[in-house]
Each structure stands twice: as structure tokens, then as C-alpha cells.
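To keep things clear, I will list the structure first and then write my remarks on it.
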Amino acid sequence: MAEIESLDSDNSLDRTEPVDGLAGFEQDFNRRTAGIKELGTSVYRECWDEFYRWEPGECQQLIVALPPDPSDSADFEELIDVLSSDSGAWDRDRGSTMDVDPPTSETVVTVTIYDRDNSFSQVLIPFDEVVVIAAFAPHTTYESCPPTSKNIARRLDQPTEAEKTRFIPYADEGFDAEEYAAEYQSFSWQVDFKDPDLEVIQLETARRLHFGHKLSFAEIDGLSFLLPLRMSSYSGLLWNTFQRDILKWPGTYNPHLSSFTSTFEDDQNGEAQIRLRNDLQVRLGTLLETFCPNLNCVQAACTMHTGTNIYPEIPNIHRSTYEPVKPRLTNQDIRRSEGTHCGEECFRATISDDLTDQLCWDDPVDLMTLKTILDISPDLSPCDLAVLCRKPCREIYVQRMIIYKDDVISDDAQLQESLKKSRASRRGRKPKKMEDVAHMSFTPRPPCKHKGACDANSGCSCFRQKHHCQRNCQCGSECERRWKGCKCQKKPERKPCGSKCKCVMANRECDVDLCKPCHAR
6 MAEIESLDSD NSLDRTEPVD GLAGFEQDFN RRTAGIKELG TSVYRECWDE FYRWEPGECQ
66 QLIVALPPDP SDSADFEELI DVLSSDSGAW DRDRGSTMDV DPPTSETVVT VTIYDRDNSF
126 SQVLIPFDEV VVIAAFAPHT TYESCPPTSK NIARRLDQPT EAEKTRFIPY ADEGFDAEEY
186 AAEYQSFSWQ VDFKDPDLEV IQLETARRLH FGHKLSFAEI DGLSFLLPLR MSSYSGLLWN
246 TFQRDILKWP GTYNPHLSSF TSTFEDDQNG EAQIRLRNDL QVRLGTLLET FCPNLNCVQA
306 ACTMHTGTNI YPEIPNIHRS TYEPVKPRLT NQDIRRSEGT HCGEECFRAT ISDDLTDQLC
366 WDDPVDLMTL KTILDISPDL SPCDLAVLCR KPCREIYVQR MIIYKDDVIS DDAQLQESLK
426 KSRASRRGRK PKKMEDVAHM SFTPRPPCKH KGACDANSGC SCFRQKHHCQ RNCQCGSECE
486 RRWKGCKCQK KPERKPCGSK CKCVMANREC DVDLCKPCHA R
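Okay, here's the thing in C-alpha cells:
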């Protein structure tokens, strides 16, 4: 295998400082771009030649290893001879045991079946002892693709959807698949074929350019003859290649180079930011990015309301779209709460000082999992957290004491109380002006989805359009831009709200989720 020149240094690329002046900057930029192009072409050709020098011989060895073992062929021929002989000989070869003979197991269970006419019949069932292991090691982490439990509509308004079919629906039912397939010009697995050899070569080229020659993702994508490394959270060369088992060939065995992962990203300095696939925070953030808040769905990866492009163009795949919830209960409040002991390791029992001082979890993923759950529900009982985290209840409580200090929780509780009173004092004020009163010209807009408050800093679409946040918006329920609904009292004979109703004054229809006191529901 040919070695890459200057793997541990960047001498193969001109990285001199630019010359002063616009002309000098343009000259330096062109020189550097040409150097990257030449370097990328050289490494790409190197990986290409290495792969196809290795692949024919490897394929030949695999093909030679395909013929069955001669012993298997002999057994098959013997079976053919026995089956072709007379039935009597076949019965004698089977032995003296017949199907109608009772089982010869030492332990037999007799099942008696009674009919309505008081007659009965007995069936002998052999009973075999089954040894159950009290505890066994869990299976290693794996991923699977279960079948979907819903139908995906065919979108004729999209040309790509009308020309090719992605799959044959109703596979397990009496469905005319041939007639359905005749409506399309081609199958997606024929048109969208991706050469796995090409992906392997390009992945190794990108690995050598990034880790060996210190090129950033933007510089590698600028070569134009390689597939984009990271188009979005769920597309690009890195994502596509990790959807199958990575091929191990001699070109990948280089101890001086790191390897990509499916969650690998490139920051401004070209260094790796690798997060674990079993990190709960990463998986939760990924779920929230594809979550559909529509009441008919309330699930991730919805193709009905978001279309086939269910994965948004998000530059950072680890960005979470939820804000951590602040705890309201101190550790002492949880300790004094009512409840029964969940077991011998319950936190309600006495906790020694040694456990508090010496507690240390070996796996950092366990602590990250606990912190992620506490970000969502910080006041959850340690007994419930122990089940979710698969840790002793006492240790969960001690970790919460380390994460949340009682004095900090008390200060935050006082601050939240003052903010609550401040919001209550503003309820009587006139609501903010929102340009959403022209219902005849109103255009429904997608719900906002961002991190932080709905203001100019977060880039909230509702803020830019001066609209109220709607129910499906993924901002908090305390968002000031959300319509609060009316509080009109119920009237006899189910009469609608009067002219003093703030929904009527704002030319809005009462919302069944917000206007609970009135007859909207």
C-alpha cells in the first residue's frame, strides 16, 4: 500500500501568509485553491489505485470459497439414495419408535379434555425441565429498522415522486403490485443506485485529506469531485456510508490516522467533535429536530405534515431544541416527600457519609443520561430515576445532591415566584399588537422551532411575521407571543361568547385548547 506523503505535516500544501493588498489576497487565494485541488486529485487517485489493486484478488478469494464442503455433498447424495429406496427400508432406518407411541420422557404431563356429553380424552405431553438463569448480561447496543405502522401518501405534485416509486405498498395484503408499479417510470432502487465501491474510496480520500493533510470540511467539499461530507443532519457522504457495514480494506489500516464516525463534525479549526451514539442528549436532540407536534401525529419523522424531507438542514446535528427545566424541589423536600421504600437501596433509608464522599460512576454516559433526564423533569423521584437510569436509588439521590444544590434551588424558586407575580400584574394590560386579524388574507405559516425565547435573537419566524405563536410551535407554554385564550363563563343554551370576549375583539375563533371556561370545547 502506498503511503501518503507528509501525513503528519502540512508541507504538501502552501499555507504561507497572504500578501498585502486586494491583488495579493486574490493571488494567494488562487494559489491556495490550486494547491488544494492538486492535493485532492493526487490523494483521490492514490486511494483509487490502491482499492482496485486489492479488490480483484479479494473478490476472487471470496468466489473460490463459495463451493460447498465435499462432506455436505456426500450427505446429500446419501439422503437421495435413502429417499429413492422402498418405504419399508426407510421405516426400518427410522427406528422402532412410531408417532403413535407415547413419549418416553421420564416426566409426563397428562392433559384431560372433557366434552359436553361427559366423555373425555387424554393427551400425554412430555415435560422437560427448563433451567432459568437468574441474571444474564444484556445484549450489546445495536440499531434496527422496524417496519412503519402507517401508510405514506404518494405525492403527485412532486415530479420526483411521480416518476419513480420508493417501495411497493401493502406487501402483506392482496394488492395488485404489478398494476401499481406500472404507473411509475422506474423504481428508486434502480435510479438512485449508489456505488458502494465509490463511496468507500471517497470516504478514505476524505479521511486522509482531513486527518492527514488537515483540510477542513469546506475545503474538501470545494474539490467538487467528492460527494459532500455533511449536507445536513442525515445526508452526505459520512451519513450514507455509515448506513451499511464499513468495508475494511488495506487502505483503511493506518495507525497514524483517526477514523470518521457517523456523528463526526468539523468545527472552524478542522478538529473533531465526536459524540457517542448512545448519548441520550444527542438522541433526544435528534428526535426533537424531527418531531411533528400535530395532534394527529405527535411523533418523529412525520411524512404527512413535513413531506418526504423529514430531516431539516441543520448545520449542527447535536443542537438540542429544548430548554432545561429548573428544579422547584430541594433535595430535602424530596427526602421528606411521601412514599414507600422502593427496596433495600432506597434513598429514603439512611445514607452514609462514605457513599456521598466516595460515589463515582465509571461510565460518563450514565451521568450524562441522568443529567439529561433531570433537564426535562428535575423534580422526578429518585425511585423513578433509578428505573430509568438502571442505577441504585441511593446513588441517584446522591448524584442529584451534587448536581442541584439546595441553596441554588431556593434562590431560583424565589426568583420564579417574583417573575410569576410580575406576569400576573401584566395580565390586565393590553396584549401586544399582532398583525393576524385579517382572516380573509391570512396565510397559515409553519410553527416556529428554535432554541431560546421568541425574539429577534432566536430568529423566530412568528416574531419576524408579527404573528402569535400557535399550539404547534415548539416554544415554551409560557411564551409571551402565545395567544392566551378567553376566560368567558359558560352561558345557558350554549350561546357564543359576547362582544367583550377578547377572542371576539381580536377577530379570532375560540380555541378548544385555550378557551376552556367557555363552550369552545
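Using the working numbering, read the sequence shown as starting at 6 and increasing by one per residue.
Where is the CB? At the ideal position from N, CA and C, for every residue including glycine.
Might you give, ordered along the chain, the residues of its own chain that have their beta carbon closer than 7 Å to the beta carbon of residue i, omitting 5 neighbours on each side?
{"i": "C459", "result": "C453, C465, C467, F468, C474, C480, C484, R486"}
{"i": "K199", "result": "N245"}
{"i": "V196", "result": "K169"}
{"i": "L519", "result": "W488, K489, G490"}
{"i": "Q273", "result": "In this prediction, Q273 scores a pLDDT of 42, lower than 50, which makes its location untrustworthy; no coordinate-derived value is stated."}
Taking the alpha-carbon of residue i as reference, which of the options has the nearest alpha-carbon?
{"i": "R341", "options": "V392, R333, Y175, R353", "result": "R353"}
{"i": "R405", "options": "C297, I68, T335", "result": "T335"}
{"i": "C347", "options": "L379, V370, L364, D389", "result": "D389"}
{"i": "L300", "options": "V517, D284, L385, R121", "result": "V517"}
{"i": "I130", "options": "V116, E55, A187", "result": "V116"}
{"i": "L232", "options": "A182, A211, K219", "result": "A211"}
{"i": "Y147", "options": "G290, D250, S124, N512", "result": "D250"}
{"i": "K456", "options": "S264, E294, I414, G344", "result": "E294"}
{"i": "S149", "options": "C502, Q248, P143, Y185", "result": "Q248"}
{"i": "G217", "options": "N259, L364, R171, L203", "result": "N259"}
{"i": "C478", "options": "V413, H524, Y57, P298", "result": "P298"}
{"i": "E60", "options": "I407, I138, R513, P201", "result": "P201"}
{"i": "L375", "options": "D181, Y409, S124, S126", "result": "Y409"}
{"i": "V135", "options": "R58, T112, V509, S504", "result": "T112"}
{"i": "R171", "options": "G179, S193, A187, D181", "result": "S193"}
{"i": "P152", "options": "W254, R50, D177", "result": "D177"}
{"i": "S263", "options": "K219, C302, E224", "result": "K219"}
{"i": "R476", "options": "S463, L364, N462, R450", "result": "R450"}
DSSP puts residue i in a beta bridge; with which residues?
{"i": "F216", "result": "Answer by DSSP bridge pairing: none, since F216 is not bridged."}
{"i": "V116", "result": "V128"}
{"i": "F192", "result": "T170"}
{"i": "C365", "result": "Paired residues: none, contrary to the question."}
{"i": "A458", "result": "The partner list for A458 (beta bridge, DSSP) is empty, contrary to what the question assumes."}
{"i": "C64", "result": "DSSP, once it has assigned bridges, lists no residue as partnering C64."}
{"i": "D474", "result": "The sequence given here has Cys at residue 474, not Asp. Paired residue(s): R487."}
{"i": "Q494", "result": "According to DSSP, which records beta bridges pairwise, Q494 is partnered with nothing at all."}
{"i": "A223", "result": "Partner(s): none; A223 has no beta bridge."}
{"i": "A305", "result": "F296"}
Could you give the residue range of the alpha helix (DSSP H) that holds residue i?
{"i": "I381", "result": "369–381"}
{"i": "E134", "result": "Per DSSP, E134 belongs to no alpha helix (DSSP H) and is neither H nor E."}
{"i": "L300", "result": "Unbroken run through L300: none, as it is neither H nor E."}
{"i": "L242", "result": "242–246"}
{"i": "Q337", "result": "336–340"}
{"i": "E183", "result": "182–186"}
{"i": "Y402", "result": "398–408"}
{"i": "A70", "result": "Here A70 belongs to no alpha helix (DSSP H), and DSSP marks it neither H nor E."}
{"i": "S466", "result": "466–470"}
{"i": "C508", "result": "507–510"}
{"i": "V392", "result": "387–394"}
Give every residue of the same chain whose Cβ lies closer than 6 Å to the Cβ of residue i, excluding the five residues on either side of it in the sequence, and list them in chain order.
{"i": "W53", "result": "I206"}
{"i": "D380", "result": "P329"}
{"i": "Y402", "result": "F352, P387"}
{"i": "E276", "result": "Confidence at E276 is low in this model, with a pLDDT of 37, below 50, so the placement of that residue should be treated as unreliable; the coordinate-derived value is given next. Taken in chain order, the list of residues that qualify is empty."}
{"i": "E350", "result": "P397, C398, R399"}
{"i": "K507", "result": "C491"}
Here's a check: name, in chain order, each residue in its chain whose Cβ is nearer than 8 Å to the Cβ of residue i, leaving out the five neighbours to either side.
{"i": "K521", "result": "G490"}
{"i": "R99", "result": "Only weak support is given to the placement of R99: the predicted model assigns it a pLDDT of 45, under 50, and the question is left unresolved by the model."}
{"i": "D226", "result": "P233, L234"}
{"i": "I356", "result": "R399, Y402, V403"}
{"i": "Q304", "result": "F296, C297"}
{"i": "D2", "result": "Residue 2 lies beyond the range of the chain shown here (6 to 526); nothing can be said about it."}
Could you give the C-beta distance for residue i and residue j, rounded to a whole number, given that I count them as a contact under 8 Å?
{"i": "E209", "j": "G256", "result": "5 Å"}
{"i": "R213", "j": "V392", "result": "In fact, because the Cβ distance is near 47 Å, the residues do not count as touching under 8 Å."}
{"i": "K471", "j": "L228", "result": "Rounded, the Cβ-Cβ distance is 44 Å, inconsistent with contact."}
{"i": "T377", "j": "L289", "result": "6 Å"}
{"i": "L285", "j": "M373", "result": "7 Å"}
{"i": "Y185", "j": "I173", "result": "7 Å"}
{"i": "W366", "j": "F56", "result": "Wrong, their Cβ atoms sit about 43 Å apart, outside the cutoff."}
{"i": "K1", "j": "C523", "result": "Within the shown structure, residues of the chain are numbered from 6 to 526, placing residue 1 beyond reach of any answer."}
{"i": "I138", "j": "S126", "result": "About 37 Å separates the two Cβ atoms, so there is no contact after all."}
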